[in-house]
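>
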Amino acid sequence: ESHFTLREAAIPTPGDGEILVKTRLLSLDAANRAWMQGATYKAPVLAGEVMQGGTLGEVVESNHADYSPGDIVESSHGWQQYAVRKPDEVGKITLRGELSNHLSVFGVSGLTAYFGLLKCGRPLAGETLVISAAAGAAGNFVGQIGKIKGCRVVGIAGSDEKCAWLTDDLGFDAAINYKSTKVAKGLAEHCPNGIDVYFDNVGGDILEAVLFQMNLNGRIACCGAVSQYDTGTPQPGPRGVPGLIVVKRLTLQGFIVSDFYAERDQATDEMAQWLEDGKLKVAEDIIDGLENAPKALIGLLHGENIGKRMIRVA
Ligand code: NAP
């Protein structure tokens, strides 16, 4: 927390063609930490800059014909209460359900789960799907979508409470607490037919344990590597690479959710239908106050959250 400072500044004034956005909700993401490390898909956050982050906000002043006060927009103006934006830096939101749903199920978390699983994991009914960080923002949706697609779903998460939530509330077939059980042993017990699809949120030792139990022609959706973000010395890589990839004919496919945004509307429609049919549940973990963002991010990296963590800024 000592690496963050809260600074007060005048509310900026929008120029010609610009809008002033008041932040309502701020997304907290494991990726916030990776952006500080650099070496990701976007420019690193540097010391002294406003912390980056996805936001949902309300237009409070507009000098652009397409925007009016009261419009809700998604933006990525980071950890601040107000920001001046150009129209190409925001997207107008048509509200479905609660505003917070546009950071969870209809936002990056839900879309990451949807596209990562269906485009990269390509699960078939009857196959075994394993998910790490399974009780997190993206992970819990991956498992629920896997159940909708008829898979045997096994989650890996960091507490007994999370594991019970996955099996009892979300219908996962099994869950492994990686802090109290050896992952390889848990997988051998709960994946008797091996693993066909792995949705990898964490990298590191858990990826290694899964690799050894993947089936022939298995698919790994490489979503993130949260086990390596909060360290200055990331592990060089799991054992078994490339040998196991060759012998088992595995496909490891990395993706960034926005790669699939051309199909975003169809994905959102389908998830809205699953919600309406009671096939999908939404878990949100909302914390009040921008001043609590640093503590809440550190807590997320330590596994405090169940579902999508966000900050209610206003
Ligand atoms: P999240 O799962 O809500 O939160 C992170 C979770 O990671 C924590 O709750 C914690 O749960 C788990 N974790 C932390 N350290 C760990 C470790 N050393 N080993 C295993 N698990 C650990 O976060 P999220 O936003 O959904 O992100 C999940 C992953 O998806 C991240 O890697 C993120 O970078 C990635 N992501 C990728 C994209 C994309 O477009 N490719 C988009 C969004 C997110 P436990 O209690 O289980 O430890």
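Numbering (my numbering), first residue to last: 411 to 724. Glycine included, C-beta positions come from ideal geometry on N, C-alpha and C.
1) Rounded to whole angstroms, what's the CA-CA distance from Gly448 to Arg532? Just pull it up for me.
2) Indicate the three-state DSSP secondary structure (helix, strand or coil) for Phe582 in the structure shown.
3) DSSP three-state call for Lys705: helix, strand or coil?
4) Consult DSSP for Lys689 and reduce its assignment to one of helix, strand or coil.
5) According to DSSP, is Ile429 part of a helix, a strand, or is it coil?
6) Helix or strand or just coil, what does DSSP make of Lys559?
7) Below 8 Å CB to CB, which residues in the same chain sit around Glu701 once its five sequence neighbours on both sides are set aside?
8) The ligand NAP and Tyr588: does any heavy atom of the ligand fall closer than 7 Å to the residue's C-beta?
9) Using the Cα positions of Ala594 and Ala475, report the straight-line distance between them to the nearest angstrom.
10) Straight-line CA distance for Ser485 to Leu509?
11) Just list the residues that DSSP pairs Phe609 with in beta bridges.
12) Any heavy atom of the ligand NAP inside 7 Å of the beta-carbon of Cys633?
13) What does the alpha-carbon distance come out to for the pair Asp675 and Thr504?
14) If I measure Cβ to Cβ from Gly653 and keep anything under 7 Å in the same chain, skipping five residues before and after, which residues do I get?
15) Among the candidates Phe582, Leu438 and His413, whose CA atom is the shortest distance from the CA of Gly699?
16) Could you name the residues of the same chain whose beta carbon sits closer than 6 Å to that of Lys559, not counting the 5 residues immediately before and after it, in chain order?
17) Cα separation between Trp489 and Asp579?
18) Is any heavy atom of the ligand NAP found at a distance shorter than 7 Å from the C-beta of Gly546?
19) Can you give me the start and stop residues for the alpha helix (DSSP H) that Gln491 sits inside?
20) Please report the distance separating the alpha-carbon of Ala420 from that of Gln491.
21) Within 10 angstroms of the Cβ of Asp679, are there 16 or more other Cβ atoms? Answer buried if so, exposed if not.
22) Please report the distance separating the alpha-carbon of Gly501 from that of Leu466.
Inspection of the coordinates gives the following:
1) Counted from its first residue, the sequence shown places residue 448 at position 38. Counted from its first residue, the sequence shown places residue 532 at position 122. Answer to the nearest angstrom: the Cα atoms are 30 Å apart.
2) For the purposes of this step, residue 582 is identified with residue 172 of the sequence shown, where counting begins at 1. Correct three-state label for Phe582: coil.
3) To locate residue 705, count along the sequence shown from 1; it is residue 295. Three-state result, Lys705: helix.
4) As a working mapping, residue 689 is identified with position 279 in the sequence shown. In the displayed model, Lys689 falls within coil according to three-state DSSP, outside both helix and strand.
5) Translated into positions along the sequence shown, residue 429 becomes position 19. Three-state DSSP puts Ile429 in a strand.
6) Residue 559 sits at position 149 when you count from the first residue of the sequence shown. If DSSP states are grouped into helix, strand and coil, Lys559 belongs with coil.
7) By 1-based counting over the sequence shown, the position of residue 701 is 291. Contacts found: Leu416.
8) Along the sequence shown, read from residue 1 onward, the residue named residue 588 stands at position 178. Tyr588 Cβ: within cutoff of the ligand NAP.
9) Here residue 594 corresponds to residue number 184 of the sequence shown, with the count starting at 1. Here residue 475 corresponds to residue number 65 of the sequence shown, with the count starting at 1. Note on geometry: alpha-carbon atoms of Ala594 and Ala475 lie some 58 Å from one another.
10) As a working mapping, residue 485 is identified with position 75 in the sequence shown. As a working mapping, residue 509 is identified with position 99 in the sequence shown. Take the alpha-carbon of Ser485 and the one of Leu509: they are about 14 Å apart.
11) Taking the first residue of the sequence shown as position 1, residue 609 is located at position 199. Within the DSSP secondary-structure output, Phe609 pairs in a beta bridge with Ile541 and Ala631.
12) Here residue 633 is taken as the residue at index 223 of the sequence shown, counted from 1. True, at least one ligand heavy atom lies under 7 Å from that Cβ.
13) Within the sequence shown, residue 675 is the residue found at index 265, counting from 1. Within the sequence shown, residue 504 is the residue found at index 94, counting from 1. Straight-line Cα distance between these residues: approximately 11 Å.
14) Residue 653 sits at position 243 when you count from the first residue of the sequence shown. Taken in chain order, the list of residues that qualify is empty.
15) Translated into the one-based positions of the sequence shown, residue 699 becomes position 289. Between Gly699 and the set Phe582, Leu438 and His413, the nearest pair of CA atoms involves Leu438.
16) By 1-based counting over the sequence shown, the position of residue 559 is 149. Hits under 6 Å: Pro533.
17) Taking the first residue of the sequence shown as position 1, residue 489 is located at position 79. Taking the first residue of the sequence shown as position 1, residue 579 is located at position 169. Annotation: Trp489 to Asp579 spans about 33 Å, alpha carbon to alpha carbon.
18) Taking the first residue of the sequence shown as position 1, residue 546 is located at position 136. At least one heavy atom of the ligand NAP is nearer than 7 Å to the Cβ of Gly546, so yes.
19) Mapped onto the sequence shown, residue 491 falls at position 81. That residue, Gln491, is in no alpha helix (DSSP H); it is neither H nor E in DSSP.
20) Along the sequence shown, read from residue 1 onward, the residue named residue 420 stands at position 10. Along the sequence shown, read from residue 1 onward, the residue named residue 491 stands at position 81. One Cα belongs to Ala420, the other to Gln491, and the distance between them is close to 11 Å.
21) Residue 679 sits at position 269 when you count from the first residue of the sequence shown. A residue is called buried once 16 or more other Cβ atoms fall within 10 Å of its Cβ, and Asp679, having fewer, is exposed.
22) Here residue 501 refers to the residue found at position 91 of the sequence shown. Here residue 466 refers to the residue found at position 56 of the sequence shown. Gly501 and Leu466 have their alpha carbons spaced roughly 10 Å apart.
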